[in-house]
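In this note's numbering, the protein residues as written are 1 to 352.
Glycine is no exception: its CB is placed at the ideal position from the N, C-alpha and C atoms.
Structure first, then comments.
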Ligand SMILES: [Zn+2]
Ligand SMILES: [Zn+2]
Ligand SMILES: [Zn+2]
């Protein structure tokens with residue numbers, strides 16, 4: 001507490017200084033190549049209890065799978081899936097749902113089996129192109145068929161889709177209920193309006209905002225101690241909307257207000273007032289995160305980064321016979337980045 005008080009963290013000027021020092025520290029302290037906990041023959045980032053899982057992120061308790069994002073709880077033999085899990089098996093190009101067995105190309109489905117191109121269907125089997133079904137079997141486009149009719153018609157439709165090029169592809173972007181820039185796709189894979197249009201995605205236009213700014217960003221008092229309750233009545237300009245910065249790609253709302261609870265929190269933690277609107281704050285935080293992409297690289301222990309920097313406290317002596325560690329790995333740190341990236345063994349030797 002004494003340190004926090006002496007560090008004067010309630011000052012915005014000091015806050016910027018500490019952020020800059022933190023960035024410098026991050027560049028010179030060795031980084032672990034990936035966060036993998038209890039992983040066997042697996043690569044990705046933020047994965048745990050995985051076996052033979054590759055190119056996957058934020059995923060756990062899965063095996064024999066690839067290209068997963070947020071899959072959990074005992075799923076296996078899955079490929080190209082996101083926000084799924086709970087004992088799912090043999091899924092391909094599935095987005096958001098629970099369970100399922102042998103399910104391909106679908107969204108928000110629960111516990112279906114042998115299902116193709118469905119949305120929001122639950123506990124159903126042998127269904128194709130259906131919407132919102134519950135406990136059904138042998139249905140195509142929500143119409144009930146006999147087993148024989150279902151199999152014959154399914155075969156015909158697949159043959160037709162092969163001629164149109166639709167077979168084997170996820171639903172087209174034109175069927176998405178959301179515009180590209182109002183989904184998390186824009187956070188992980190940002191596009192411009194023009195490039196989104198080229199790929200066939202809809203785009204949500206910013207609504208015109210004409211807030212009457214009562215407090216320009218530069219007039220916010222530097223220290224949280226200098227903030228009175230009258231701040232609750234102010235319409236504060238977002239720093240990214242203020243010239244010459246204007247025109248960020250954060251869906252800036254141009255202005256924001258401070259709530260009573262927020263002010264209490266900033267005061268109790270001695271945090272300076274934000275200078276950005278909530279959307280810009282969100283995107284700034286995302287800037288600290290690595291991309292959903294992997295590069296094959298070598299351990300940099302006893303080597304230098306692209307700026308010629310070596311790590312702080314580089315005391316590694318655990319490998320012998322070569323000048324630097326020979327280990328290779330897949331990491332979310334791109335080769336041109338400045339961080340010094342270590343393999344698990346070197347990282348453990350340095351810090352644990
Ligand atoms: Zn903003
Ligand atoms: Zn911004
Ligand atoms: Zn190493």
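Per DSSP, reduced to three states, the secondary structure at residue 197 is helical. In this structure, the beta-carbon distance from residue 236 to residue 257 falls below 9 Å. Counting along the chain, residue 45 sits inside the beta strand (DSSP E) bounded by residues 44–54. Along the stretch 206–286, the alpha helix (DSSP H) occurs as fully enclosed runs of 4 or more residues at 260–269 and 278–286, listed in sequence order. Beta-bridge pairing by DSSP links residue 289 to no other residue.
Assignment of beta-bridge partners to residue 101 by DSSP yields 89 and 113. Assigned with DSSP and collapsed to three states, residue 303 falls in coil, not helix or strand. Within the chosen limit of 8 Å, ligand 1 does not reach the beta carbon of residue 210 with any heavy atom.
Note: residue 144 is bridge-paired with 139 in the DSSP secondary-structure output.
Boundaries for residue 294: no beta strand (DSSP E) harbours it, and the DSSP string shows neither H nor E there. Look at residue 188 here: in three-state DSSP terms it is helix. In this structure, DSSP gives residue 151 a helical state, which the three-state scheme calls helix.
Nearest to residue 24 by C-alpha distance, out of 351, 347, 338 and 123, is 338. Around the C-beta of residue 274, 16 or more other C-beta atoms lie within 10 Å, and the residue is accordingly described as buried. Distance between residue 134 and residue 303, taken at the CA atoms: about 59 Å. Residue 119 has its alpha-carbon roughly 44 Å from the corresponding atom of residue 266. Counting every other CB atom within 10 Å of its CB across the protein chains shown gives residue 285 a total below 16, marking it as exposed. DSSP, read as helix, strand or coil, puts residue 26 in helix. Residue 137 has its alpha-carbon roughly 13 Å from the corresponding atom of residue 131. Between the stretch 334–352 and the stretch 49–63, the count of C-beta pairs closer than 8 Å stays below three; the two stretches do not touch. Per the DSSP secondary-structure output, residue 118 pairs in a beta bridge with 106.
Per DSSP, the beta-bridge partners of residue 69 are 57 and 82.
Ordered along the chain, residues surrounding ligand 3 are 299, 301, 325, 327, 343 and 346 [Cβ under 5 Å from any heavy atom]. The beta carbon of residue 201 sits closer than 6 Å to those of 173 and 180, all from its chain and outside the five residues before and after it, given in chain order.
Around the beta carbon of residue 143, fewer than 16 other beta carbons lie within 10 angstroms, which makes this residue exposed. Counting other Cβ atoms within 10 Å of its Cβ, residue 154 reaches 16 or more and is therefore classed as buried. Leaving aside the five residues that flank residue 63 on each side, the residues in its chain whose CB is nearer than 6 Å to its CB run, in chain order, 51, 52 and 76.
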